[in-house]
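Below is one structure, written out as C-alpha cells; comments come after it.
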Amino acid sequence: RPEPLSSAKRLPRAAKQPAAAPQGNYRVADLYLHHATLTTVEVGDECVRSAVETNTLDFLAELRPGVTTMFVQVLGMEEDFKHGWLERPQRTLQATLSCLSMFKGTLRQYVLDDKGCVLISCWGVPGFAHEDNENRAIMTAGYIRNALGELDLDCKIGIATGQAFCGLVGSAQRCEYAMMGSSVNLAARLMGSCAPNEIRVDETAHSRVHDKFVFDKLPRIKAKGYKRPVAVFIPVRTAQSAHWSSLLRLA
2 RPEPLSSAKR LPRAAKQPAA APQGNYRVAD LYLHHATLTT VEVGDECVRS
52 AVETNTLDFL AELRPGVTTM FVQVLGMEED FKHGWLERPQ RTLQATLSCL
102 SMFKGTLRQY VLDDKGCVLI SCWGVPGFAH EDNENRAIMT AGYIRNALGE
152 LDLDCKIGIA TGQAFCGLVG SAQRCEYAMM GSSVNLAARL MGSCAPNEIR
202 VDETAHSRVH DKFVFDKLPR IKAKGYKRPV AVFIPVRTAQ SAHWSSLLRL
252 A
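So that you can map any letter, position 100 of the sequence shown is 101 in the working numbering, and since no number is skipped, the others follow by simple counting.
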C-alpha cells in the first residue's frame, strides 16, 4: 500500500516540524500551542498554497465538475469535549490526515457543531484531482473507520460527487478555502442518515466505481437541492474479494 506522506514533506520551506503531542488526558490549554502549529502546517489549505506563492488568488474561485466530498461524523467523544480531554480528538485528526495522505485527498474542515464532531474532506480540487476520486474516497473511508475503531470510536460517513463552487470564502482578514454545492450538501445528508459505522455514497459516485465495489442499494431519500429523492448505496465489499479486507472491516 502507498506509504503516508511524512510531515516533513508537507512543511513549508521555512517551517519546523511540530513537536509531538502531549500524552495522556490533558486540557485545551495544554494542547493549544501544539494544536495551533499542527493546524497551520498540516491542515493548511494546500489547494491555495500555489495561488498564494504566485499571487493569483483572484483567479482561484471556480466551478469544478467531479468534486468528491466526504463527511465523517465521529461518535463517542462527547465526554472528551465536555471535560476538555483532547487526546482522542487529536489522534482522530492525526489518523484522518494519515489516511487522506495515502489516497491523496485533502482535509477541508474539522469542526464541532450541531452535527457533533465532523471532518470534511474532498478530492477533485486543485492539487488533489484524480481519475478515480470516488474509489479513493471509499477506500479512505474504510481506513478512517478502522482507525477510529482502534480509538474505541464509531463514525458515520457520507460520500457524494458533483459540481461544486471551489474558492475562498470570508474576508481579506479571515478566509478559508471551501466547496459549496448540492453534492456537498448531499454528502452531509448521507452522513446524517447513516447507522453507526456505515458508509453511504450517492448515485454519481456509485456509477463511477460500481465495477470496483459491491453495493447494497437503499431506499431513496430526500435531499436539499434535489427535486426528486436521490439513490443511496452502501459499499459492502471490494469486487475482487468475498468480503471486506482487514482494512475495511464490516460494522
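Glycine residues also receive a C-beta, built at the ideal position from the N, C-alpha and C atoms.
On the three-state DSSP scale, how would you describe P127?
-> Reduced to three states, the DSSP call for P127 is coil.
Would you mind working out which of P197, Y178, A232 sits nearest V53, comparing C-alpha positions?
-> Ranking P197, Y178, A232 by Cα distance to V53 puts Y178 first.
How many whole angstroms separate the CB atoms of S184 and T70, which I take to be in contact at a CB cut-off of 8 Å?
-> The beta-carbon distance between S184 and T70, rounded to whole angstroms, is 6 Å. This is short enough to meet the 8 Å contact definition.
With C-beta atoms as the reference, is V73 less than 7 Å away from I158?
-> Taking 7 Å as the Cβ cut-off, V73 and I158 qualify as a contacting pair.
Pull up the distance between the alpha-carbon of F82 and that of Q110, whole angstroms please.
-> If you take the alpha carbons of F82 and Q110, they lie about 17 Å apart.
From S99 to M180, what distance separates their C-alpha atoms?
-> When rounded, the distance between both Cα atoms is 22 Å.
Distance, Cα to Cα, F104 vs W124?
-> The alpha-carbon atoms of F104 and W124 are separated by roughly 9 Å.
Who are the Cβ neighbours of L154 in its own chain at under 8 Å, not counting the five residues just before and after it?
-> In the same chain as L154, and ignoring 5 residues on each side of it, the C-beta atoms closer than 8 Å to its own belong to V75, L76, G77, M78, R89, T93, in chain order.
What is the DSSP secondary structure of Q174, reduced to helix, strand or coil?
-> Three-state DSSP puts Q174 in coil, outside helix and strand.
Keeping to the same chain, check which residues put their C-beta closer than 8 Å to that of T141; ignore five residues upstream and five downstream.
-> Within the same chain, T141 has close Cβ partners M71, C100, L101, M103, F104, G106, S122.
With a 10 Å radius around its C-beta and 16 neighbouring C-beta atoms as the bar for buried, classify P66 as buried or exposed.
-> It counts as exposed.
Around the Cβ of A62, are there at least 16 other Cβ atoms within 10 angstroms (buried) or fewer (exposed)?
-> Answer is exposed; the Cβ neighbour count stays below 16.
G163, DSSP secondary structure in three states | When secondary structure is reduced to three states using DSSP, G163 falls in the strand class.
Distance CB(T97)-CB(L120) smaller than 7 Å = The beta carbons of T97 and L120 sit closer together than 7 Å.
With a cut-off of 8 Å on the beta carbons, I'd call G182 and Q164 a contact; round off their distance for me.
-> So it is a contact: roughly 6 Å between Cβ atoms.
Alpha-carbon to alpha-carbon, A138 and T57 = Linking T57 to A138 through their CA atoms gives a straight-line distance of about 29 Å.
Quick one: residues in its chain with C-beta nearer than 7 Å to the C-beta of P236, no 5 flanking neighbours on either side, listed in chain order?
-> Around P236: I139, I200, V202, F214, F216.
May I have the straight-line CA-CA distance separating A206 from L169, to the nearest angstrom?
-> When rounded, the distance between both Cα atoms is 25 Å.
Mark F234 as exposed unless 16 or more other C-beta atoms lie within 10 angstroms of its C-beta, in which case mark it buried.
-> Its Cβ being crowded by 16 or more others within 10 Å, F234 is buried.
Whole-angstrom Cβ separation of A188 and A161, contact assumed at under 8 Å?
-> A Cβ-Cβ distance of about 4 Å is found for the pair A188 and A161, placing them in contact under the 8 Å criterion.
How long is the line joining the alpha carbons of V68 and H84, rounded to whole angstroms?
-> Distance from the CA atom of V68 to the CA atom of H84, rounded to whole angstroms, is 37 Å.
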